[in-house]
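Below is one structure, written out as structure tokens; comments come after it.
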Amino acid sequence: MISIAELLKNPPFSQMTVLNRAADLSRKVDSADISETPDITFFIKPHTLLITTGMAFKEDSAGFCRMIEELNCLPIAGICVKLGRFIDELDPSILETADKLHFPLLQIPASWTLGITCHQLLSYLWNVENQQLLNALKIQREYSQMLIKDTPISALLAHLSRTVRQVVFLTDPFWEIIDTSLPMGKETMGMNQTIAAIKESGKFRNSPSESVPSSLYVQASRPFTAWIFPVWPASVHPHLLIVLEEEKIPYPFSYLVIEQTAAATAFSLYKNQKLKELHRRIREDFLRRLTHSTSNTDTTAFLEQGADLGLVSSDYYRFLIVGIDGLLEENNPVRSDLYSLVYDWMERHVAIFGENAILFSCQKSETIMILLQNPVENLESSLAFIREQMTAFLSVSISCAAGNPVTSLHSLPFSRIEAEEIYHQCRVEGRKAFFRTYYSQGVSELLRFVPQEHAHHFCTCILKSLAYPEQEAQVILRQTLQTYLDCQGDIAETARVLYIHRNTVKYRIARLNDLLDTPLSNPDFSLQLRLALLISKL
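Going by my numbering, the first residue of the sequence shown is number 1440, and it counts up by one from there.
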């Protein structure tokens, strides 16, 4: 819609006179209407210019004042009054009421009829609206062509910048600049000042969906206004399209261009996100093959395949597993959105984890695997920084678990298993915002890698019915065997630990020798018994 001030700059409307000093000429005009009825308030539409002679209020200045107050509540754009036919001049009280409400009163030239005035106004407004529609169609065609040609985001921003003649840039939900309208994505001081002002204001931190589109006045050596528009690439956390208005935006239809750019950018971001997800699945497949390889696998082949991902030959490999606390409690759209945002942010800042660190996604468990290929100093400090960023911008916390370092790619699966085990253990315990490192618990942890069916068969062959005892007598014999072996075959010490007579111990050992078909004094058999007892308890 056009304002009264803009309308009065164009002939023949420049011949109209503003009657009151405090008239708000920025009011928008959408239509024009002729009426002489005193109850026009019930029939006229908002943003309309009322054209009248004031005949109904020839002897009723107070009634004219009431009509102004009622029309101002709609609100309408203003009143165009033709003086000299019924009213020679407006009463001072009318002008005073209009000034108090900043309500525009315009005088029509005496040579104009009401019909001609209304016709000219409507023709002009319709021409403006028609031109705006044509401009909108032109803009729509331009952006449709750019989308069809798969125009990159940087080109979309450059096109918008040329149209509005202002610097434009795009940020992610963490307010980090990801592209600009300048060549090679160059960043300016004004952009950094805008980001600093956004962070300081805090108005976009808690409820970004309600705060944009908006404007922000930036204090600088040359103050300017930053216009901020949301970009929603199928996400509950918008990117921000920011236009730095260092001078008045010249084009009256610029906001449509900005909105079209935001829509096209959202589409490009969504498409790029889907391509990233495909790339993640490819990386995840490589991770699966890497951590399920056998000792006979050629590591050279893995190094060649993983070279593009950043895999290098090293004597230090270590897996970290990062997860979002409470993610499984969220509904599906939010879960996917949060996971993607956290992964993308960590991918851009993977250098936090040292040189050659690689990120992998685990879609099934909705966790992020990080492969360290060099020792990292202050690992806990790096994780604390990430946790701080996630809490500040996404209102979520993250947790991390680390496996032990290994020296070769062949041993890499063990580091991943350890990280996943300690991570799962902390989750079962209900922990949040944790960082835990796996600590080996000795031979029992090594024995966990024996296939279950093999372990069961071994225990049954060695311990016979004592492997998985069901009767009380079997439980007692197993307990005696365990204690006897722990006491290094010392009968007196075994009796003392079990609080029984030495003869009872001798009797039970004799029964064990018969039951197991091999004397307990055999050193090889003693080792097998220890292993079987340990495995059967796992």
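Even for Gly, the Cβ is constructed at its ideal location relative to N, Cα and C.
If contact is defined by three or more beta carbon pairs under 8 Å, each pair taking one atom from either stretch, is the segment 1744-1752 in contact with the segment 1795-1806? With a cut-off of 8 Å, the segment 1744-1752 and the segment 1795-1806 count as touching, because enough Cβ pairs lie within range.
On a CA-only basis, which of 1518, 1547 and 1486 is nearest residue 1455? Give me that one, please. Of 1518, 1547 and 1486, the smallest CA-CA separation from residue 1455 is found for 1547.
Can you tell me which of the three DSSP states residue 1763 falls into? strand
When 1971, 1923 and 1960 are compared against residue 1978, the one with the closest alpha-carbon: Residue 1978 is absent from the structure shown; the chain starts at 1440 and stops at 1977.
Quick one: residues in its chain with C-beta nearer than 8 Å to the C-beta of residue 1708, no 5 flanking neighbours on either side, listed in chain order? 1592, 1670, 1672 and 1678
Within its chain, find whatever has a CB closer than 6 Å to the CB of residue 2060; leave out the 5 residues flanking it on each side and keep chain order. An answer regarding residue 2060 cannot be provided, because it is not within the stretch 1440 to 1977 covered by the chain.
Could you compute how far the alpha carbon of residue 1517 sits from the alpha carbon of residue 1545? 8 Å
Whose CA, out of 1955, 1957, 1923 and 1956, lies closest to the CA of residue 1944? 1923
Can we say the segment 1890-1909 touches the segment 1861-1879, given the rule of at least three CB pairs closer than 8 Å? no
Between residue 1757 and residue 1811, how many whole angstroms is the CB-CB distance? I'm expecting something under 8 Å. 4 Å
How many angstroms separate the CA atom of residue 1913 from the CA atom of residue 1975? 14 Å
Answer yes or no: do residue 1663 and residue 1629 have a C-beta to C-beta separation smaller than 8 Å? Contact flag set, yes.
Do you know how far the Cα of residue 1666 is from the Cα of residue 1558? The alpha-carbon of residue 1558 is positioned some 37 Å away from that of residue 1666.
Could you pull the start and end residues of the alpha helix (DSSP H) that residue 1585 belongs to? For residue 1585, the enclosing alpha helix (DSSP H) begins and ends at 1553-1587.
How big is the Cα-Cα spacing for residue 1858 and residue 1903? 36 Å
Going by DSSP, what residue range makes up the beta strand (DSSP E) through residue 1928? Unbroken run through residue 1928: none, as it is neither H nor E.
Rounded to a whole number of angstroms, what is the C-alpha to C-alpha distance between residue 1576 and residue 1570? 10 Å
Please state the DSSP three-state secondary structure of residue 1475. coil
So which of 1695, 1779, 1658 and 1621 has the shortest CA-CA distance to residue 1574? 1695
Extract the residue ranges of the alpha helix (DSSP H) inside the segment 1604-1655, only unbroken runs of 4 or more that lie entirely within it. 1628-1640 and 1647-1650
Out of 1896, 1652, 1674 and 1685, which has the shortest C-alpha to C-alpha gap to residue 1660? 1685
Excluding the 5 residues preceding and the 5 following residue 1901 in the sequence, name in chain order all residues of the same chain whose CB lies nearer than 7 Å to its CB. Short of 7 Å from the beta carbon of residue 1901, and not among the five residues preceding or following it, lie these beta carbons of its own chain, in chain order: 1967, 1968 and 1971.
Would you say residue 1458 and residue 1443 are within 8 Å of each other, going by their C-beta atoms? no
Continuous beta strand (DSSP E) stretch holding residue 1517: start and end: 1517-1520
Between 1845, 1825, 1484 and 1533, which has its C-alpha nearest residue 1836's C-alpha? Ranking the options by Cα distance to residue 1836, first place goes to 1825.
Limits of the beta strand (DSSP E) - the one that residue 1682 falls within: 1678-1684
Residue 1548 (DSSP reduced to helix, strand or coil): Judged by DSSP in its simplified three-state form, residue 1548 adopts coil rather than helix or strand.
Which same chain residues end up closer than 8 Å to residue 1483 when comparing Cβ atoms and leaving out the 5 residues on each side of it in sequence? 1472, 1474, 1489, 1510, 1513 and 1515
Sub-8 Å separation of residue 1596 and residue 1611 beta-carbons: no
With DSSP as the reference, please indicate the residues paired to residue 1838 in a beta bridge. 1762, per the DSSP bridge assignment.
Alpha carbon to alpha carbon, how far is residue 1724 from residue 1849? Give it in angstroms, no decimals. Rounded to whole angstroms, the separation of the alpha carbons of residue 1724 and residue 1849 is 17 Å.
Exposure of residue 1933, with buried meaning 16 or more beta-carbon neighbours within 10 Å: buried
Since residue 1460 and residue 1538 are thought to touch, with beta carbons under 8 Å apart, how far apart are those beta carbons, to the nearest angstrom? Between residue 1538 and residue 1460 the Cβ distance is about 6 Å, and since that is below 8 Å, they are a contact.
How many angstroms separate the CA atom of residue 1952 from the CA atom of residue 1938? 22 Å
Check this for me: beta carbons of residue 1586 and residue 1703, under 8 Å apart or not? In this structure, residue 1703 lies closer than 8 Å to residue 1586 by Cβ.
Reference residue 1421, options 1781, 1788 and 1761, closest by Cα: Since the first and last residues shown for the chain are 1440 and 1977, residue 1421 lies out of range.
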